[in-house]
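Asker:
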Amino acid sequence: MLRLVNRYEEIAHGQIKLSADRWGLSVYPKVRVADVISLDGINASGDLRRYGLQSHFDFVVCREKWNPIYSIEFDGRFHSTEVQKARDAKKDELCRRADFPILRINSRYLSKEFGSMSLVAWIMDVFELQEGFYNAQEEGAIPPDEPFDPFFFMGMESGKERFPYWFSAKPRIELRKLYEAGKIFDPSSSGFIGYDAADVMRGVEYIRVTETEGILVRSAMRPQQFPIILSDLLDEILSVQLAEEVLRWVRGEVRASPLRQIYRQVDTMKESIKLARAHSFNRSGDGE
Numbered sequence: 006m007l008r009l010v011n012r013y014e015e016i017a018h019g020q021i022k023l024s025a026d027r028w029g030l031s032v033y034p035k036v037r038v039a040d041v042i043s044l045d046g047i048n049a050s051g052d053l054r055r056y057g058l059q060s061h062f063d064f065v066v067c068r069e070k071w072n073p074i075y076s077i078e079f080d081g082r083f084h085s086t087e088v089q090k091a092r093d094a095k096k097d098e099l100c101r102r103a104d105f106p107i108l109r110i111n112s113r114y115l116s117k118e119f120g121s122m123s124l125v126a127w128i129m130d131v132f133e134l135q136e137g138f139y140n141a142q143e144e145g146a147i148p149p150d151e152p153f154d155p156f157f158f159m160g161m162e163s164g165k166e167r168f169p170y171w172f173s174a175k176p177r178i179e180l181r182k183l184y185e186a187g188k189i190f191d192p193s194s195s196g197f198i199g200y201d202a203a204d205v206m207r208g209v210e211y212i213r214v215t216e217t218e219g220i221l222v223r224s225a226m227r228p229q230q231f232p233i234i235l236s237d238l239l240d241e242i243l244s245v246q247l248a249e250e251v252l253r254w255v256r257g258e259v260r261a262s263p264l265r266q267i268y269r270q271v272d273t274m275k276e277s278i279k280l281a282r283a284h285s286f287n288r289s290g291d292g293e
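Residue numbering for the sequence shown follows this note's numbering, beginning at 6 and increasing consecutively.
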C-alpha cells in the first residue's frame, strides 16, 4: 500500500497538528482542491479547472472540524523545477481567485532555530491571535485604534517564555549586554526590509562591533498569500541571526567586515528593492 504522505510531509503534519490542537483546529492531509474551492464559483476553466479537479492540498486547516480556513503546502526540493513551479502557480491562482489563504513552507519552517517554537507554529498562532484580536475590536472589548502586535502577547504558563512570539527579545538583550561589557561598539543594530522585482521579501541587519568593522546578515522570505504581516517574522529572524553571528565574532570564530564594505552592500541592496520598513542606530549624530 502507498503512504498518504512522505516522510517530510509527515514531519510537517506533526508540527502543524501541534499548533492546531492548541486552538481546537483540525488538520486534514491530501484534500482535493475542488473539494475546498468551488471551481464554478471562481469561473475556473481549461487547464486551471482540470488542475483544480486533479490536484490536492498538502494540508487543510479547518475550524469547527469541517470549515476550511487555509491550506499549508510543504514545498520540498522538487518544487524548484519548472514543471512544479507551473503547478504551484496554478494552485496559487485558484486560491487567489477564491480568496483562500495558502501558506507555503519548507523544512526551515519546521525547526526551532530562531526561537521557542517553529516558524509554522508562530505563523499559525499569530493568525489565531489576530483573528481573536479583531473579533474583540468588533465587539468593543478592544479600542478600535489599537494596533495588533503579536510581540506583546504574554505567555501564562510557569516556566515558559514570557513573550513567546517575540523571538528577538533575548538576542537584543544579549547585544546590549555585550555592548555594556565593552565587547562591541554599538548597543543595537540597523536594518531594513523590502521587496524585489519578484515580490520576494528581502532584509538585512547589521551592527558595528568596532569603530571600523561590523557584522551583517541577510535573509529572505518568498511571497505568501497569507493574511498576517510576515515582515514582522522576517525582522525577528534577522535579529536572531545577527546576534548569533556577533556571538561567533566575540568567540573568534568569524571575522567582521569593514564598515565601508557593509555600507556598500546596504546601498546596493536598497537600490534593488522597494523599501517597506527600516530602522537605524546612530551614535549621537554619527552618520552612516
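All residues carry an ideal CB built from backbone N, CA and C; glycine is no exception.
Give the single residue among S24, E249, F158 whose Cα lies nearest to the Cα of E258.
Answerer: On the sequence shown, residue 258 is found 253 positions in, with the first residue counted as 1. Comparing Cα positions, the closest option is E249.
Asker: Is it buried or exposed, E241, if we count other Cβ atoms within 10 angstroms and call 16 or more buried?
Answerer: Within the sequence shown, residue 241 is the residue found at index 236, counting from 1. E241 comes out buried.
Asker: Return the first residue and the last residue of the alpha helix (DSSP H) that K35 is part of.
Answerer: Indexing the sequence shown from 1 puts residue 35 at position 30. Counting along the chain, K35 falls outside any alpha helix (DSSP H), though it belongs to the beta strand (DSSP E) covering 31-37.
Asker: Under DSSP, the beta strand (DSSP E) around Y200 begins and ends at which residues?
Answerer: Residue 200 sits at position 195 when you count from the first residue of the sequence shown. 195-200 is the span of the beta strand (DSSP E), which, as asked, contains Y200.
Asker: I want to see whether chain B comes within less than 9 Å of S244, judged by CB atoms only; does it?
Answerer: The chain labelled as chain B is not found in the depicted structure, where only one protein chain is given.
Asker: Assess contact between the region 110-122 and the region 253-268, defined as three or more Cβ pairs (one per stretch) separated by less than 8 Å. Is contact present?
Answerer: With the cut-off at 8 Å, the region 110-122 and the region 253-268 do not touch.
Asker: Hey, would you say C67 sits closer than 9 Å to I77, going by beta carbons?
Answerer: Counting from one through the sequence shown, the residue named residue 67 turns up at place 62. Counting from one through the sequence shown, the residue named residue 77 turns up at place 72. Cβ distance not < 9 Å, so C67 and I77 don't count as in contact.
Asker: Comparing alpha-carbon positions, which option in P34, S277, E98, A91 lies nearest A49?
Answerer: The residue labelled residue 49 in the question sits at position 44 within the sequence shown. Closest by alpha carbon: E98.
Asker: Which of the three DSSP states is assigned to L247 in this structure?
Answerer: Stepping through the sequence shown from its first residue, residue 247 is reached at position 242. In the structure shown, L247 sits in a helix (DSSP, three-state: H, G or I).
Asker: For W28, collect the residues of the same chain with a Cβ closer than 7 Å to its Cβ; drop the 5 residues on either side in sequence, then sort them by chain order.
Answerer: Counting from one through the sequence shown, the residue named residue 28 turns up at place 23. Here the set comprises E133.
Asker: Between R167, A126, A281, which lies nearest to D26 when the distance is taken from Cα to Cα?
Answerer: Taking the sequence shown and counting its residues from 1, one reaches residue 26 at position 21. The shortest C-alpha separation from D26 is found at A126.
Asker: Are the CB atoms of F197 and V271 nearer to each other than 9 Å?
Answerer: As a first step, residue 197 must be located in the sequence shown, where it is residue number 192. As a first step, residue 271 must be located in the sequence shown, where it is residue number 266. Yes, the pair counts as a contact, with Cβ atoms nearer than the cut-off.
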